[in-house]
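Residue numbers (the working numbering): 56 to 155.
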């Protein structure tokens with residue numbers, strides 16, 4: 056990712072009693088790719104886990120929207136794989152846009 060334009064720290068807990076671990080979400084600047092635009096994003100954590108993704112849109116706004124809307128889907132996948140829970144400011148709403 057060339058340039059990070061947004062970052063959010065989420066908390067992961069394996070159980071309610073366990074110590075929280077950071078899950079860092081980083082979203083890159085939109086990049087022109089031919090006639091389309093792309094945005095890379097990365098989710099780091101819990102632990103050594105690191106996922107990098109790239110999404111596309113017809114313009115830079117759509118590419119950013121796709122990236123921000125994809126983050127919660129990937130985070131819920133992490134929860135399913137680990138059996139833990141990811142929160143933001145103590146709540147289940149990660150405060151990313153959702154696709155409707």
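Heads up, the beta-carbon is just placed ideally off N, CA and C, and yes, glycines get one too.
This structure is a prediction, so every number in the text was calculated from the model and none was measured.
In terms of residues, what are the limits of the alpha helix (DSSP H) holding residue 118? 115 to 137
Cβ-based burial, residue 65 [other Cβ within 10 Å; buried from 16]: buried
Candidates 82, 101, 69 and 102, of which the one nearest residue 121 by Cα: 82
Beta strand (DSSP E) segment containing residue 70, residue limits: Unbroken run through residue 70: none, as it is neither H nor E.
DSSP beta-bridge partners for residue 146? 143
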